[in-house]
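> Chain order of the listed sequences is U and A.
Numbering follows this note's numbering, with no gaps: position 130 of the first sequence is 130.
Numbering follows this note's numbering, with no gaps: position 71 of the second sequence is 71.
Structure incoming, see below.
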Amino acid sequence: MNVLVCVKRVPDFSGEVLLREDAQGADARFVGFTLSNHDSCAVELAVQLAAASEGTASEGRATVLTVGAAEAVEQLRSALGVGCTAAVLVEADPVLLGPADVAHEIAEVIADHAAAGTAYDLVLLGNDAADSGDFQVGVRLAHELVRPVVTGIKTITVGDGTALLRADGPDGHETYEVPLPAVVTVLEGGVEPRYPTITGRMKAKKVPVEQRELSRPPQGSGRVRLTVPPAAPSTAEIIGEGPEAASAVVDLLQRLGVGR
Amino acid sequence: MILVYVEAGAEGVSEVSLEAVTFARGLAAAGGGIPIDALLVGRAPESAAKELAAYGVRTVLLADDDDFDRFSGAATAAAVIAARERANAVVVLAGGTNRGNEVLARVAARLDVAMAANVVAFEGLSPFVVTRQVVGGAALEEMTLVRRPAVFSVAGHAVEPVAAETGGAGTVQPLEVSLSDEDRAVRVVSVEPVSNEGAGNLKSARVVVGAGRGAGGPEGFEEVLELAALLGGSLGVSRVVTSLGWRPHHEQVGQTGSRIAPEIYIPCGISGAIQHWAGCASSKVILAVNTDPEAPMMTKATYAVVGDMHEVVPAINEEIRRRRS
Ligand SMILES: Cc1cc2nc3c(=O)[nH]c(=O)nc-3n(C[C@H](O)[C@H](O)[C@H](O)COP(=O)(O)OP(=O)(O)OC[C@H]3O[C@@H](n4cnc5c(N)ncnc54)[C@H](O)[C@@H]3O)c2cc1C
Ligand SMILES: Nc1ncnc2c1ncn2[C@@H]1O[C@H](COP(=O)(O)O)[C@@H](O)[C@H]1O
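This is the structure in structure tokens:
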């Protein structure tokens, strides 16, 4: 089982978002960068699947790839630290890239690796990026590769030339069966991303990162500008402070007719 | 012509799809009365076409042969493309669910056009500029869709779903879709309905008690669980709580968790980040408990109690028990 997992370096926002002066991207100087939860779960699945086929004829391998700034090596190292065995950086200014550009660059790497004898049975991505939220790189990639794609999956079981994928659909837990090779996008919640161990981190430092450049000038995303919506004025009625508020709260619950 | 890919279940057209049709009406009016057609894929109840007519839809295209019994993203995208050719649509949109976004991404990839996810407004028709949610709604992006069709999904709650003043004809027409072998290769092979435990229960609960980082640790949920039990409700949590492994993911409320719509939501120790708000905005009443009166949840709530949840919640539980005895 040979797995490629594609990750994006994203600002670590949980509170307010700050913008760059040119309004073309987020200003992450004060918050730092991370992998989104979806991408971390994709990495975890890649590492688990590779480990499950270790020692078999198709020696298990998990390669992590990112398209982005040189600093994105940090995110590649964190994936290497939890068990990925190889890494690829396609260096580019992330502000200039649209989802079609990213998909194309990933497809180029896959084609080159295939030509050099490394074919990926499975390509994993996050379902949507935590910053740009385009919901499409995986689907566009599959279209370029002419491979099947399933989105929003939580767990993967690999069988003989196929994979069973589980997702939460509108009517319940869905199972897809997909022939390999395939592209799969992952939603958080199906697996717990592991933490890197100290030996894992040490090993990660020694893995060489394959450095590449863009294969063609990017088309961009169509972005005009980013804005942060202003906070709405408070509309809440404060009904009390501390434990003394309990009586007012229960009055309210009774008025609403709940919990009787 | 504007084409809306509509999702429908046994209870009729989904709320997000009705929102998308409502959004399409705004676009249609701005364009001087462009007709709106809808595409239904798979088996839908008879009532769906009537509902869509009431929302102003002219023609309901129906792709309901056996190939569409179980969801297939590829087959659905092929149906959208067939519908768009037949009606010569210049705009193709859908509700911003995972499924809506997947189908539109496939359509955009096949037609080699851009796709804007989670649009909340359109700024102009030529050039076609939309505003969409990024960073889970914490920021907005203006984006130009240069080529036609303009393909985009409408973010949940971007508009209130309202019926049209004058309805459309809602004429049902079967849609023939020719599928390739690739379109048929992958589909849902089985669906296991969600049990009444966990997420299924949370989505339909009349009362939800929420807890976030303010719970303090995995043992900090006893009081909120007790309150939920006293009110016959469910527990919902923030992503910090599930990421730290304090509670299981199926209890998560928000953009990447469940969307809830209870009579009352009681978030305790939850700051109310926009991505959490995305999952609880449909609650009828929100009663927030937080030590910080400036937390977004406290200012957006209907009612607020300023205080430590580990003092306030036990006092509420005690008061409920006292009044019951
Ligand atoms: C793409 C994306 C998707 C996301 N999806 C989701 C999602 O689906 N759901 C979700 O919840 N989040 C989601 N997030 C994360 C979100 O941005 C926030 O980080 C998260 O909701 C914060 O959780 P919290 O409110 O528990 O923690 P915090 O933001 O740390 O807030 C804790 C709150 O508890 C209060 N507090 C502390 N101690 C006490 C006490 N003793 N008593 C009372 N109050 C106390 C504090 O004043 C504070 O307001 C997403 C983020 C991104 C970027
Ligand atoms: N620059 C990038 N480099 C590598 N993978 C990416 C990049 N951008 C997006 N992805 C992958 O595509 C997924 C979906 O992104 P998006 O379609 O932009 O919302 C992300 O979760 C990543 O797994």
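In this text, a Cβ means the ideal position worked out from N, Cα and C, and glycines have one as well.
If you drop the 5 nearest sequence neighbours on each side, which residues of the same chain put their C-beta closer than 6 Å to that of V404 of chain A?
The displayed coordinates of chain A run from 1 to 325. Any statement about residue 404 of chain A would go beyond what the structure contains.
> Looking at the C-beta of G73 of chain A, does it have a partner C-beta in chain U at a distance below 9 Å?
yes
> Using a threshold of 9 Å, state whether the C-beta atoms of A328 of chain A and E244 of chain U are closer than that.
Outside the modelled stretch of chain A, which goes from 1 to 325, sits residue 328 of chain A, for which no answer is possible.
> Counting C-beta neighbours from all protein chains within 10 Å, is the total for F68 of chain A 16 or more, i.e. buried, or is it exposed?
buried
> Verify whether the separation of the beta carbon atoms of L40 of chain A and A48 of chain A is less than 9 Å.
Yes, these two residues count as a Cβ contact at 9 Å.
> Using a 10 Å radius around the Cβ and a threshold of 16 neighbouring Cβ atoms, would you call F152 of chain A buried or exposed?
buried
> Quick one: is R148 of chain A near chain U, going by C-beta distance under 9 Å?
no
> Using a threshold of 9 Å, state whether the C-beta atoms of A261 of chain A and G233 of chain A are closer than that.
no
> So, I36 of chain A versus V90 of chain A, is the Cβ gap smaller than 9 Å?
No, Cβ-Cβ distance for I36 of chain A and V90 of chain A is not below 9 Å.
> Chain U partners of T256 of chain A, CB-CB under 8 Å?
N37, H38, L187, E188 and G189
> Can you give me the Cβ contacts of T63 of chain U inside the same chain, cut-off strictly under 6 Å, excluding the 5 residues immediately before and after it?
L4 and A86
> Just checking R9 of chain U against ligand 1 - is the residue's beta carbon closer than 8 Å to any of the ligand's heavy atoms?
no
> Just the C-alpha distance for P218 of chain U and G117 of chain U, rounded to the nearest angstrom, thanks.
27 Å
> Can you pull the chain A residues whose beta carbon is under 8 Å from the beta carbon of D131 of chain U, in chain order?
V134 and V135
> On the DSSP letters alone, give me the boundaries of the alpha helix (DSSP H) that A116 of chain A sits inside.
It is not in any alpha helix (DSSP H) - A116 of chain A instead sits in the beta strand (DSSP E) that spans M115 to G124.
> Between S178 of chain A and ligand 1, is there a pair consisting of the residue's CB and a ligand heavy atom that are separated by less than 8 Å?
no
> Anything in chain A within Cβ reach of F13 of chain U, meaning under 8 Å, just list it in chain order.
V135 and A138
> Quick check for students: name the residue ranges of the beta strand (DSSP E) that lie wholly in the region 27-80 of chain A, counting only runs of 3 or more.
Fully enclosed beta strand (DSSP E) runs of 3 or longer: 36-41 and 59-63.
> Give the DSSP bridge partners of N37 of chain U, in chain order.
None; N37 of chain U has no bridge partner.
> What are the boundary residues of the alpha helix (DSSP H) that includes R255 of chain U?
A246 to L256
> Looking at ligand 4, does it come within less than 8 Å of I106 of chain U, judged from the CB to the closest heavy atom?
Absent from the structure shown: ligand 4. Ligands present: ligand 1 and ligand 2.
> Could you pull out every residue in the same chain whose Cβ sits closer than 8 Å to the Cβ of G198 of chain A, ignoring the five residues on either side in sequence?
Low per-residue confidence applies at G198 of chain A: pLDDT is 47, beneath 50, and the placement is therefore not dependable enough to give any value.
> Quick one: does the C-beta of L165 of chain U sit closer than 8 Å to a heavy atom of ligand 2?
no
> Between which residues of its own chain and I329 of chain A is the CB-CB distance below 6 Å, once the five residues before and five after are set aside?
This structure cannot speak to residue 329 of chain A, because chain A is shown only from 1 to 325.
> Just the C-alpha distance for G254 of chain A and A30 of chain A, rounded to the nearest angstrom, thanks.
Between the alpha carbons of G254 of chain A and A30 of chain A lies a gap of roughly 32 Å.
> Verify the CB distance criterion: does R225 of chain U have a CB-CB separation below 9 Å to chain A?
yes
> Report the option in A:G170, A:Q133, A:V186 and A:T166 whose CA atom is closest to the CA atom of V149 of chain U.
For V149 of chain U, the nearest C-alpha among the options comes from A:V186.
> In terms of alpha-carbon separation, which member of U:C84, U:V146 and U:L80 lies closest to A109 of chain A?
U:V146
> Please list the segments of the beta strand (DSSP E) lying wholly inside the region 142-212 of chain U, counting only runs of 3 or more residues, in order along the chain.
149-158, 162-169, 172-179 and 182-186
> Got a sec, what are the start and stop residues for the alpha helix (DSSP H) G100 of chain A sits in?
N98 to L111
> Using CA atoms only, rank isn't needed, just tell me which of A:G307, A:T256 and A:T299 is closest to C268 of chain A.
A:G307
> Please go through the same chain and pick out, in chain order, the residues whose beta-carbon is closer than 8 Å to the beta-carbon of G167 of chain A, but skip the five residues on each side of it.
Around G167 of chain A: A53, A54, Y55 and G56.
> If you measure between the beta carbons of A92 of chain U and E108 of chain U, is that distance less than 9 Å?
no
> At 4 residues or longer, what runs of the alpha helix (DSSP H) sit wholly inside the region 242-307 of chain A?
DSSP runs (the alpha helix (DSSP H)) wholly in the region 242-307 of chain A: 274-280 and 296-300.
> DSSP on M143 of chain A, reduced to helix/strand/coil?
strand
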